[in-house]
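Peer 1:
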Amino acid sequence: MTQTTLNARSSGTYDIKDLGPVTRLGFGAMRITGDGIWGEPADTDTAHAVLRRAVELGVDFIDTADAYGPDVSERLIAEALHPYGDVKIATKVGNTRQGPNIWTPVGNPAYLRQQVELSLRKLKVETLDLLQLHRIGPDVPADDQFAELAAMQEEGKIQALGLSEVTVAEIEQASKHFTVATVQNRYNLTYTDAQDVLDHCEANGIGFIPWAPIASGELGKPGGIVAEIADKLGATSSQVALAWLLKKSPAILPIPGTGSVSHLEENIAAASLELDDETFEAITKAAEQQ
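Residue numbers (our numbering): 858 to 1147.
(1) Jot down the residue ranges of each uninterrupted beta strand (DSSP E) in the stretch 1075 to 1106, minimum 3 residues, whole runs only, in chain order.
(2) Given R992, which residues of its chain have a CB within under 7 Å of its CB, disregarding the five upstream and five downstream residues?
(3) My output table needs one value for P878: the three-state DSSP class, helix, strand or coil.
(4) Note down, one range per segment and in chain order, each beta strand (DSSP E) of at least 3 residues found wholly within the stretch 896 to 982.
(5) So, at 6 Å on beta carbons, what are the nonlocal neighbours of G926 in its own chain, with the 5 sequence-adjacent residues on each side left out?
(6) Could you tell me which whole beta strand (DSSP E) segments of length 3 or greater appear in the stretch 1019 to 1078?
(7) Contact between the stretch 898 to 916 and the stretch 927 to 937: three or more CB pairs below 8 Å?
(8) Identify which residue in R970, E1011, L1121, D986 has its Cα closest to the Cα of Y941.
(9) DSSP on T1136, reduced to helix/strand/coil?
(10) Find out if the Cβ-Cβ distance for the pair V944, L938 is shorter than 8 Å.
(11) Along the chain, where does the alpha helix (DSSP H) that runs through Q1002 open and close?
(12) With which residues is D872 paired in a DSSP beta bridge?
(13) As a quick exercise: from A999, V1025, T870, T1093, pick the residue whose alpha carbon is nearest that of L1130.
(14) Could you spell out where the alpha helix (DSSP H) holding L988 opens and where it closes?
(15) Could you compute how far the alpha carbon of G1091 sits from the alpha carbon of S1119?
(16) Using only the alpha-carbon positions, how far apart do G877 and Y871 sit?
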């Protein structure tokens, strides 16, 4: 890489509504759990080390969910980092787990409230920094789910509220109940279907958190444009994918996740990788043609 500074702060900051500024390149704490995002990690000490190293490298925005484990990721974060100081912890509720890689949305307001209370306990805080509705449950009217989240925010249990895997129409619907601070949708070099959501977020001051941010598919394989650019820059395809996201929109807050300290450091190095306009446009064009 042309620059070797290992500091997430090189990615700049974004001011999340109702929460305040965070470093744009954050950390996703899904993969510090067991296989299938189920159960305990293979090595708890390593999971703790990854979390602590992320903070050492300037990460001050960590994304998790009650469903990661379930319950495991939140507990590990508290064990490793509490008290959190300037680090903001974003969590999610609304997805239940019945086994490895199984996710079932539940939007019952009483369930959402129960899970918020449990997240408060597991994270050892009186107020959640950012709570996102993991999925809008199909079992209950969306307005009932939004109203319950708004009520808990009013009660002081939640500072900022967000959504995950939603359409522009659903963001607008939720906005009638509370200020939508963030939206977490799938978005990367291989999947740009949420472009309209990203555009809406950027236009309305909503932080956009792309999940699966380092995916580059065929573009990142030998002979692909991302792989070729990575070789030219002395970087990895994952680093180029993250640098592309950071340049794509000032509203984007990538949260690459890993259970490995070395992989974490590789991801953080992307904060210092700058793509010139010509390179960025070439990657964008290739992504659109997939």
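Note that the Cβ used here is the ideal one computed from N, Cα and C, for glycine as well.
Peer 2: Based on what the coordinates show:
(1) none
(2) Translated into the one-based positions of the sequence shown, residue 992 becomes position 135. Only G951, N952, P962, S1021, E1022 meet the Cβ criterion.
(3) Counting from one through the sequence shown, the residue named residue 878 turns up at place 21. It is a strand residue.
(4) 918 to 920, 945 to 950
(5) In the sequence shown, residue 926 corresponds to position 69, counting from 1. Excluding residues within five positions, the ones whose Cβ falls inside 6 Å are T890.
(6) 1037 to 1041
(7) yes
(8) Counted from its first residue, the sequence shown places residue 941 at position 84. Looking at the Cα atoms, D986 is the closest of the given residues.
(9) Here residue 1136 refers to the residue found at position 279 when the sequence shown is read from its first residue. Looking at T1136 - three-state DSSP - the assignment turns out to be helix.
(10) As a first step, residue 944 is located in the sequence shown; it is residue number 87 there, counting from the start. As a first step, residue 938 is located in the sequence shown; it is residue number 81 there, counting from the start. The answer is yes: Cβ separation under 8 Å.
(11) Sequence index remark: in the sequence shown, residue 1002 carries index 145 (1-based). Unbroken alpha helix (DSSP H) run through Q1002: 999 to 1011.
(12) The residue given as residue 872 occupies position 15 in the sequence shown. Answer is P878.
(13) Locating residue 1130 in the sequence shown gives position 273, where the first residue counts as 1. Checking every option, the nearest Cα to that of L1130 belongs to T1093.
(14) To locate residue 988, count along the sequence shown from 1; it is residue 131. Unbroken run through L988 is the beta strand (DSSP E), 985 to 990; no alpha helix (DSSP H).
(15) Against the sequence shown, residue 1091 aligns to sequence position 234. Against the sequence shown, residue 1119 aligns to sequence position 262. Taking the straight line joining both Cα atoms gives about 17 Å.
(16) Start at 1 with the first residue of the sequence shown, and residue 877 comes out as number 20. Start at 1 with the first residue of the sequence shown, and residue 871 comes out as number 14. Answer to the nearest angstrom: the Cα atoms are 8 Å apart.
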